[in-house]
Amino acid sequence: MVKRAKQVTERNKYEIRKDGFQVAASGRESGIALLIVLWITAVLIVIALSFSVMARTEIFSTITFKEQMINKYLAEAGLQKAIMEIFYRNTNKNNQVTFGGEEVYCTDGTLYYGEMSNGYYKISIDDESGKININIMTDSSGIILNNLLVNMGVEKKTADTIVDSILDWKDTDNLTRLSGAEDDYYMSLSDSYKAKNANFDNLEELLLVKGVTAEILYGNEEKPGLINFITLYSSTDKININTASTEVLKAIPFISDNDVQQIINFRKADNTKKDGTNIQSALGGNYAKISQYISTSDSNIFAIEVLGYKEKNADKKGYPIKSIIMVEGSDRYRILYYQSPANITSMKTQSKLRNI
Numbered sequence: 021m022v023k024r025a026k027q028v029t030e031r032n033k034y035e036i037r038k039d040g041f042q043v044a045a046s047g048r049e050s051g052i053a054l055l056i057v058l059w060i061t062a063v064l065i066v067i068a069l070s071f072s073v074m075a076r077t078e079i080f081s082t083i084t085f086k087e088q089m090i091n092k093y094l095a096e097a098g099l100q101k102a103i104m105e106i107f108y109r110n111t112n113k114n115n116q117v118t119f120g121g122e123e124v125y126c127t128d129g130t131l132y133y134g135e136m137s138n139g140y141y142k143i144s145i146d147d148e149s150g151k152i153n154i155n156i157m158t159d160s161s162g163i164i165l166n167n168l169l170v171n172m173g174v175e176k177k178t179a180d181t182i183v184d185s186i187l188d189w190k191d192t193d194n195l196t197r198l199s200g201a202e203d204d205y206y207m208s209l210s211d212s213y214k215a216k217n218a219n220f221d222n223l224e225e226l227l228l229v230k231g232v233t234a235e236i237l238y239g240n241e242e243k244p245g246l247i248n249f250i251t252l253y254s255s256t257d258k259i260n261i262n263t264a265s266t267e268v269l270k271a272i273p274f275i276s277d278n279d280v281q282q283i284i285n286f287r288k289a290d291n292t293k294k295d296g297t298n299i300q301s302a303l304g305g306n307y308a309k310i311s312q313y314i315s316t317s318d319s320n321i322f323a324i325e326v327l328g329y330k331e332k333n334a335d336k337k338g339y340p341i342k343s344i345i346m347v348e349g350s351d352r353y354r355i356l357y358y359q360s361p362a363n364i365t366s367m368k369t370q371s372k373l374r375n376i
């Protein structure tokens, strides 16, 4: 009996394969255990790799965030520098070079370059009275905007549509101008809405107006967009030729390229305000034709664009800020508009650069 039990025990240690060979039963159990170990190892490797990727992503995000914050504070420093220079200019507006020998900043969009201990910034200051105010714009003064659009390369038909549609957008009636658009057009769109019938609150609102595209409004790295030449903040529909850009000057009716160059040269002569009498003498007989579209009055509203960046020649990765301020006295100002980060493609196309 004992002998038979021993034989059964020995037989249970083996299994008969299909080919007739005997194999140890414990071998199959070892194979299953090996597979389990391999699966666990694979899972652990995946977890470890995932953790490594997440850790690297977090480190990269932290570094990027740190660089962005440094660039932002450099831009904020540039903004304060620009505000200081506006007050400095107001104090020394009748002098190109002050007693201390420092240059008085231009407010025609000239780009200035500054350096700090931990980075760099670029700033530009624009007098808002040198731009086209679309909130004050009328049917008669709209010709300046129309000319500007055509000079920018916009087709005449599209320019007509944009100007008339802007006027329709902000007027209080529902009468459509020849090339304009009112509620019937906007309500026919897939994402329908109504004309505002009120002034613009910000320039980005123009993207809702018929004919205006993002490329027309913002431009690109090759050329500036419409947003660089229009405003909501000046007090007149006339153009201040003391501070207007070349693009806006060329859009004034009846003005010639020679007139524009005369104005630019006249402004560069001593970088001070020119009154109507001086401008009239500079332009000669053509002054009478363009006088209804221009002014030479002082302004107290300025647009400031700043780009802060840590590494030299790395301005394309910089942090952009745009602000519009109103000077309210010898030592006070009010912020009318602030955008951070901002779309300031004009700095990428700006050719006038001065070190500060």
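According to the numbering used here, the sequence shown is numbered sequentially starting from 21.
Just so you know, even glycine gets a beta-carbon here, dropped at the ideal spot from N, CA and C.
query                                                                                                                      : result
Spatial distance of L165 from Y238 (CA atoms)                                                                              : 15 Å
Straight-line Cα distance separating I67 from Y253                                                                         : 57 Å
Residue span of the alpha helix (DSSP H) that contains I164, given as start and end                                        : G162 to N171
Outcome for G305 when other beta-carbon atoms lying within 10 angstroms are tallied against a minimum of 16                : exposed
Inter-residue spacing [alpha-carbon to alpha-carbon] between T256 and E148                                                 : 10 Å
Sequence-distant residues of the same chain with beta carbon closer than 7 Å to V170, five excluded per side               : K176 and A179
C-beta atoms of T127 and G98 nearer than 9 Å                                                                               : no
Buried or exposed by the 16-neighbour rule on C-beta atoms within 10 Å, applied to N260                                    : buried
For I145, the nearest candidate out of N112, M346 and I324 (CA to CA)                                                      : I324
Reduced DSSP secondary structure (H/G/I, E/B, other) of D146                                                               : strand
Local conformation of R354 per DSSP, three classes                                                                         : strand
Boundaries (first-last residue) of the alpha helix (DSSP H) holding E267                                                   : T266 to A271
Meets three-Cβ-pair contact criterion under 8 Å: the region 271-280 and the region 305-315                                 : yes
Three-state secondary structure (DSSP) of A308                                                                             : helix
Bridge-paired residues (DSSP) for I250                                                                                     : I152
contact_flag[the region 233-251, the region 199-213] where n(CB pairs < 8 Å) is 3 or more                                  : no
Helix, strand or coil at K288 according to DSSP, with G and I counted as helix                                             : helix
C-beta contact flag for K101 and I341 at 9 Å                                                                               : no
Of the listed residues I283, G328, E348 and Y339, nearest to S137 (C-alpha basis)                                          : G328
Pair within 9 Å by beta-carbon distance, Y313 and A95                                                                      : no
Closest residue to Y141 among G349, K332 and E348 (Cα-Cα distance)                                                         : K332
Chain-order list of residues whose beta-carbon lies under 7 Å from that of E348 (same chain, five-residue window excluded) : R354
A25, DSSP secondary structure in three states                                                                              : Only weak support is given to the placement of A25: the predicted model assigns it a pLDDT of 47, under 50, and the question is left unresolved by the model.
Residues bridged to K342 [DSSP beta-bridge criterion]                                                                      : E325 and Q359
R109, buried or exposed, once every other Cβ within 10 Å from all chains shown has been counted against 16                 : buried
Neighbour-count burial assignment, N153, 16 or more Cβ in a 10 Å radius                                                    : buried
Same chain, Cβ closer than 7 Å to V174, neighbours up to 5 away in sequence not counted                                    : I236
Short Cβ contact (9 Å threshold) for T192 with N217                                                                        : yes
Within-9 Å CB hit, L327 to chain B                                                                                         : In the displayed structure, chain B is absent; only one protein chain is listed.
Separation of T181 from T233, as counted between CA atoms                                                                  : 12 Å
4 or more residues per run - each alpha helix (DSSP H) lying fully within the region 191-265                               : 203-206 and 234-238
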